Every structure is written in structure tokens, then in C-alpha cells.
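For the sequence shown, position 33 (counting from the first letter as 1) is numbered 36 according to the working numbering, and the numbering increases by one without interruption. The beta-carbon is built from N, C-alpha and C at its ideal position, and this holds for glycine as well. Everything numeric in this text was worked out from a predicted model, so none of it was measured. Right, one structure below, let's go through it.
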Amino acid sequence: MTGGDEMNRGKHIYAMPGGKHIFGTVKVGEKGQIVIPKEARDVFGITAGDTLLVLGDDDNGIIVTKPEVIHDVAMKILLNSSEGDKNE
């Protein structure tokens, strides 16, 4: 089986350094739904009923993540912003 064949079957193909992963491809169904590969769900602790946040960028595409990830980044930005206000 070639690497291209594995990519088309949605397998966890590469676990790269620094916590980066390639899980392969998924197909979009008629209702616009995708199935997150089991390997990805296992790595990121995603279970049935979880809420995920979908973000989009015209140049870079779509990101699907747990909302807590963005919450942590937003809190850092807000805390840095309020510290700047105190210094003015």
C-alpha cells in the first residue's frame, strides 16, 4: 500500500515531533458532515456529545478545536490588554 492509499483511507499516518499529527482525509457527506477519525478523537479526547469550535480563514482554511483551547488564548490576550491599560 502506498502512502497515498493510506491518506485516502483516513489512517493516522504521521505522528510528528512537537505534538503534530496527520490523520489523513475525510469525506464530506451530503449533509455537510464529516467523521473525525478515531485516532484523532483518541489523541484529543473527543467523545460523543462534545462541543467543538469551528474557525475559518480564507487563506488557511478551517480549524476544528475544543472551545477551551481558544478560551485560554483569549484570556492571555485580554490579560495582556488590561495590563497595558494600567500602564497608560
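Judged by DSSP secondary structure, K41 falls within the alpha helix (DSSP H) whose first and last residues are K41 to F47.
For K30, no beta strand (DSSP E) run applies, since DSSP gives it neither H nor E.
The beta carbons of L58 and K69 sit no closer together than 9 Å. A straight-line Cα-Cα distance of about 10 Å links S84 and A77. For I37, no beta strand (DSSP E) segment is defined, and its DSSP state is neither H nor E.
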